[in-house]
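Our numbering numbers the first residue of the sequence shown as 36 and each following residue consecutively.
We put the beta carbon where it would ideally sit given N, CA and C, even for glycine.
Since we're looking at a predicted model, the values are computed, not measured.
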Amino acid sequence: MRAIIIEHTGGPEALRLADVPTPEPGPGQVLIRVAWGVNPADWKDREGMLAMYAPYHFPYIVGFDAAGVVERVGAGVDKPRPGDRVFTPGNHGQGAWGSYAEFMVANADRTATIPPSMSFAAAASIPVAALTGWQALFDRGGLQAGQRIMIHGGSGGLGSFAVQFARWAGARVAATCGTANSTTGRVRKTLPWRTTGIRGHPTDWICWWTPWAPVPCPSAWAWCVRAALTSASRR
């Protein structure tokens, strides 16, 4: 199969298109014909920044997010079945080869079925961002209905999922969003509370669920830190 590999960590010049053996699914695994997505973690992985989490065995196929069609299944796998459309964060974080390839192997229990109305491109953008948001809110944060939560970067890849998850859970949600982000308007429609512009560079929007006004400060990041500390101190 064709794959984009690295034989050493480094910049974009380290990426190389190569022919490599097609992997075989082991027990509990599936082989997926891949339509892959590009995740910000990919360049960090390429540059060696994630070595503390998983070993590098060169040649190394990068890529976290993937969607595609199940080609074959390993022993003990009932679902998904060959021909099913699935998306997955893969096994890449466990040191396995990634999604920048025609085929990849993933644990069957780390896959989910793609709805009929969803494209491979849309599905491939989901796994890492959505899973990270879910883990932060519920596995780590223990978010419950009725609680209030501030999500910074609510119009980003991770944040846009986190906003929807928190609303689904019955929490009262506020979010900061950069005005340059094309999804900011969607977040403003999702959250029913007052939206206020603040000064800074770049100017951000915040969907407030509290009566106090944001405090202008020199930079958006400094404002976010101050807002987070202020909101926490009032609880």
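Ignoring anything shorter than 4 residues or poking outside the stretch 128-192, list the alpha helix (DSSP H) runs there in chain order. Runs of the alpha helix (DSSP H) inside the stretch 128-192: 155-159 and 162-169.
Using CA atoms only, rank isn't needed, just tell me which of Gly125, Ala131 and Ala136 is closest to Asp144. The residue given as residue 144 occupies position 109 in the sequence shown. Ranking Gly125, Ala131 and Ala136 by Cα distance to Asp144 puts Gly125 first.
Where does Met139 land, buried or exposed, given buried means 16+ other C-beta within 10 angstroms? The residue you call residue 139 lines up with position 104 of the sequence shown. With 16 or more Cβ atoms within 10 Å of its Cβ, Met139 is classed as buried.
Beta-carbon contacts of Leu193 that lie in its chain and below 7 Å, excluding the five residues immediately before and after: Residue 193 sits at position 158 when you count from the first residue of the sequence shown. Once the five neighbours on either side are set aside, the close Cβ partners of Leu193 are Ala164, Thr167 and Gly168.
For Asn142, which residues in the same chain have their Cβ closer than 7 Å to its Cβ, ignoring the five residues on either side in sequence? For the purposes of this step, residue 142 is identified with residue 107 of the sequence shown, where counting begins at 1. Within the same chain, Asn142 has close Cβ partners Gly63, Gln64 and Asn126.
Local conformation of Pro60 per DSSP, three classes: Mapped onto the sequence shown, residue 60 falls at position 25. Assignment of Pro60 by DSSP, reduced to helix, strand and coil, places it in the coil class.
Using 10 angstroms around the beta-carbon of His187, count the other beta-carbons present and answer buried if the total reaches 16, otherwise exposed. For this step, residue 187 is matched to residue 152 along the sequence shown. His187 is buried by the Cβ-count criterion.
Going by DSSP, name the residue or residues bridged to Arg51. The residue given as residue 51 occupies position 16 in the sequence shown. According to DSSP, Arg51 bridges with Ile40.
Who are Val69's beta bridge partners in DSSP? Walking along the sequence shown from the start, residue 69 turns up at place 34. Partner(s): Gly103.
Helix, strand or coil for Val121, going by three-state DSSP, please let me know. In the sequence shown, counting from the first residue as 1, residue 121 sits at position 86. Correct three-state label for Val121: strand.
Considering just the uninterrupted stretch of the alpha helix (DSSP H) at Arg116, what are its terminal residues? Taking the first residue of the sequence shown as 1, we reach residue 116 at position 81. Where Arg116 is concerned, there is no enclosing alpha helix (DSSP H), given that its DSSP letter is neither H nor E.
Beta-carbon separation of Ile149 and Ala102 under 8 Å? In the sequence shown, counting from the first residue as 1, residue 149 sits at position 114. In the sequence shown, counting from the first residue as 1, residue 102 sits at position 67. Closer than 8 Å, so yes.
Close-in-space but distant-in-sequence residues of the same chain around Thr44 (CB under 6 Å, 5 per side omitted): Translated into the one-based positions of the sequence shown, residue 44 becomes position 9. Cβ within range, chain order: Glu82 and Gly83.
Taking Thr123 as the reference, give the member of His92, Val112, Asp113 and Ile161 with the closest Cα. The sequence position of residue 123 within the sequence shown is 88, counting from 1. Nearest C-alpha to Thr123: Ile161.
Based on the DSSP output, what are the partners of Tyr95 in its beta bridges? Here residue 95 is taken as the residue at index 60 of the sequence shown, counted from 1. In DSSP, Tyr95 forms a bridge with Ile41.
Quick test of the definition: if touching needs 3 or more C-beta pairs under 8 Å, does the stretch 49-69 touch the stretch 104-121? Per the Cβ contact rule, the stretch 49-69 is in contact with the stretch 104-121 (3 or more Cβ pairs under 8 Å).
Would you give the residue range spanned by the alpha helix (DSSP H) that Pro75 belongs to? Taking the first residue of the sequence shown as position 1, residue 75 is located at position 40. Here the alpha helix (DSSP H) through Pro75 covers Pro75 to Arg81.
Residue from Tyr95, Ala89 and Thr146 whose Cα sits closest to the Cα of Tyr116: Mapped onto the sequence shown, residue 116 falls at position 81. Note on residue identity: the sequence assigns Arg, not Tyr, to residue 116. That would be Thr146, whose Cα lies nearest to the Cα of Arg116.
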